[in-house]
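Q: Residue numbers (this note's numbering): 33 to 627. C-beta: ideal position from N, C-alpha, C; glycine also. Quick one: this structure, given as structure tokens, is what I'll be asking you about.
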RNA sequence: GUACCUGUAGCUCAGCUGGAUAGAGCGUCUGGCUACGGACCAGAAGGUCAGGAGUUCGAAUCUCUUCAGGUACGCCA
């Protein structure tokens, strides 16, 4: 927030105490005190190294005679002030361009940022966990871009490896040459079915092994993988794939294409887009030459067993193998390679990975290796780790069938939103109904995921997710639609000429509150961007929508007592509409003019 | 075992760079449509901020510790 009185108070205190760059804190006044704004002199006192209470008295004295201050109360170390309506509105909302300008970073602070997210495997359809990743990735990119950064979104699809061979093998054996067309099924779901089918067969064979050999009963399933016939067959297929076997490659391309087509639809529904998609099949061999070069320079060393290793100073990181004794790559080798590739392709000042918090250690190690290799940009790599999504029944487990499928969830929410919309709009055309149901359901889902801090483990309650009341996306959409409706009517009823504006007429508590909330928008954007936290912006939009709803109930706009008041309230409402619209779009949610 | 994360109202979450009497939504209970869209508004009840100790004028917030839950610690990805 920026007020003239803050500037004047800062100038006064700075000359009084001979300091520079004083920051005058102003926050919303708690309802139990009179006034709209509070200045905490604890914060001021720390900057000036003075006694908070004495400072409060001094601040009070200065502001009491300030033209913008209507009344004021000093309570302990707090100065609670009530602003003259004209001054409050002038500083908060009258100048829309100033508000907009404050939302962008100084040019010097803007960066080129590369953000990687989604990174799906091509062996199964996306589930709720991917949905959270996609939402966080898209919203983070959008928030960063909104404050002025140059953002590049990239995907890295894991399209090769043993997992896709499992699906391929099961398809070869049990697929009967079916296809998405013959079964009328989305390609990613079809491939996922064969992944499950493989797992069934594998477990059956492991069970048989254990039946026949008591010594195997204690062994972990993973250890027995290569002892099963089907496990060996999958491994063999992977080798053939790496050797470029034509038949295997053809099948791989066919099934991957099915998955890509399926993903395309899912992404489209969510509005997920990338500037570029990297394919692991094209990048998995990267990194080895960098390791060899690092070996020359003594960054890595060859252990007695032949593996190339790095030891870290930090005991928490321990040591890490970067190349197997047989000379092949490990996961981190590839990641080193793709990080360099991305750096070369886009020259970002910062790289961000949106990846679940279970991979925290992996990224600590990755970053430490890149620093050890001497890349100066390695200081500016960020793992944006987010929490897992749990269900009331616990963790999602694909083997136990408790995974919430993304497409099915979208369908369910869309149907419920459609029902709710139809109830309220009996005359709606089917096309329009469907369009609104799509928007409302996606807004509800995205907002639910984005309103909680990304770091927290999220509990997804299916029952709660289908509600459209309270702290939800639809609540904010509703506030927006009501304003849009009001502005439409005002336009229709427009008399010959528009009345003048007089901001000083907006003197009620709810009007002042709403205007103050509008002025807080840039700060919410900046905080969300700086902390990579969509929940800051989501919480702000909820507060704004609540303040608007309260104002809307209390102050009649279209039927205001006089044309000037009406016009000024319309203008305030328009400002709220712009901010809600802009804020929702920044969260990748599209507002609706009617709902 | 070691490291990291989490523990706030019945439930889901804010608040965590120390500052006023710890907030919101859901759920429960009261009220409110002859004013612009009731997917709304106004209000009530509901808390030992997991327990303990410390630092401080002041702690949900910082430190230590105990307990509870989660995750990671591969020549898997």
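So residue 135 and residue 554 are supposed to be a Cβ contact under 8 Å. How far apart are they, rounded?
A: 4 Å
Q: Taking 7 Å as the threshold (C-beta atoms), are residue 442 and residue 415 in contact?
A: no
Q: Exposed or buried, residue 68, counting other C-beta atoms within 10 Å across all chains shown (16 or more means buried)?
A: buried
Q: Tell whether a beta-carbon distance below 7 Å holds between residue 306 and residue 185.
A: yes
Q: Under the rule that 16 or more other beta-carbon atoms within 10 Å means buried, what is residue 359, buried or exposed?
A: exposed
Q: Return the chain-ordered list of same chain residues with a C-beta closer than 7 Å to the C-beta of residue 560, the five sequence neighbours on each side being excluded.
A: 175, 566, 568 and 569
Q: Is residue 270 closer than 7 Å to residue 147 when the C-beta atoms are compared?
A: no
Q: Drop a sphere of 10 angstroms on the beta-carbon of residue 633, count the other beta-carbons inside from all chains shown, and report buried for 16 or more, exposed for fewer.
A: There is simply no residue 633 to check, as the chain begins at 33 and stops at 627 in what is shown.
Q: Flag this pair as yes or no: are the beta carbons of residue 537 and residue 602 separated by less than 7 Å?
A: no
Q: Closer than 8 Å is the cut-off here; do at least three beta carbon pairs connect the region 492-511 with the region 433-452?
A: yes
Q: Can you tell me whether residue 599 is buried or exposed? The criterion is at least 16 other CB atoms within 10 Å of its CB, across all chains shown.
A: buried
Q: In terms of residue numbering, what span does the alpha helix (DSSP H) encompassing residue 49 cover?
A: 36-49
Q: Thinking just about the alpha-carbon of each residue, which of 106, 159 and 85 is nearest to the one in residue 439?
A: Taking only the C-alpha atoms, the option nearest residue 439 is 159.
Q: Would DSSP call residue 218 helix, strand or coil?
A: coil
Q: With a cut-off of 8 Å on the beta carbons, I'd call residue 106 and residue 41 a contact; round off their distance for me.
A: Not a contact, Cβ separation roughly 14 Å.
Q: State the DSSP-derived secondary structure class of residue 98, mapped to helix, strand or coil.
A: coil
Q: Mind checking residue 119: buried by the 16 CB within 10 Å criterion, or exposed?
A: buried
Q: So who's on the other strand from residue 69, going by DSSP bridges?
A: Per DSSP, the beta bridge partners of residue 69 are 60 and 113.
Q: Whole angstroms is fine: what's the gap from residue 552's alpha carbon to residue 33's?
A: 6 Å
Q: Please report the straight-line C-alpha distance between residue 233 and residue 209, rounded to a whole angstrom.
A: Across the structure, residue 233 and residue 209 are spaced so that their CA atoms are roughly 19 Å apart.
Q: I need the DSSP call for residue 543, collapsed to helix, strand or coil.
A: Helix.
Q: Would you kindly work out how many angstroms separate the C-alpha atoms of residue 514 and residue 297, rounded to a whole number?
A: 32 Å
Q: Could you give the first and the last residue of the continuous beta strand (DSSP E) run that contains residue 301?
A: From DSSP, residue 301 is part of no beta strand (DSSP E) but of the alpha helix (DSSP H) over 278-302.
Q: Would you kindly report the start and end of the unbroken alpha helix (DSSP H) that includes residue 253?
A: 253-256
Q: Of all the options 44, 80 and 518, which has the alpha carbon lying nearest to the alpha carbon of residue 606?
A: 518
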